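Here the structure is laid out as structure tokens; the discussion comes afterwards.
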Amino acid sequence: MRRALLYWLLWAGILAVLAYMGYAKIHVREFIEFICVLLGLAVVTVVVILATYRKGDRVTREPFDI
């Protein structure tokens with residue numbers, strides 16, 4: 009339950025940052041900074057998900073079969 013709350017808070021934070029950047033038109037005025045923030049959000053999200061991952065849980069929807 010605690011992880012679910014963390015993921016919802018993470019999702020809300022991402023939406024808040026993207027909404028602010030959209031309303032401030034940063035994607036038009038400061039494109040490089042916009043891309044850096046997007047990449048940063050992606051990295052932070054992946055790190056949080058992997059840091060809270062429990063052994064035995066499936067992180068991806070499909071298994072990695074080679």
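All residue numbers for the sequence shown refer to the numbering used here, where the first residue is 9 and numbers rise by one. Ideal Cβ placement from N, Cα and C applies to all residues, glycine included. Bear in mind that the values here come from a model prediction, so they are computed numbers and not experimental data.
Using a Cβ distance threshold of 8 Å, determine whether the segment 11–24 contacts the segment 33–48, with at least three qualifying pairs required. no
Taking ILE22 as the reference, which of THR60, LYS63, ALA32, LEU46 has the closest Cα? Taking the first residue of the sequence shown as position 1, residue 22 is located at position 14. Minimum Cα-Cα distance from ILE22 among the listed residues THR60, LYS63, ALA32, LEU46 corresponds to LEU46.
Does the segment 48–67 come into contact with the segment 30–39, if we say contact requires no fewer than three beta-carbon pairs (one atom in each stretch) closer than 8 Å? no
For VAL25 and LEU49, believed in contact at Cβ under 8 Å, the rounded distance: Sequence index remark: in the sequence shown, residue 49 carries index 41 (1-based). Sequence index remark: in the sequence shown, residue 25 carries index 17 (1-based). Their Cβ separation, rounded to whole angstroms, is 6 Å, which keeps LEU49 and VAL25 in contact under 8 Å.
Leaving out the 5 sequence neighbours to the left and right, which residues in its chain are closer than 8 Å to MET29 when beta-carbon positions are compared? On the sequence shown, position 21 is the one that residue 29 refers to. So the list reads HIS35, PHE42, VAL45, once near-sequence residues are dropped.
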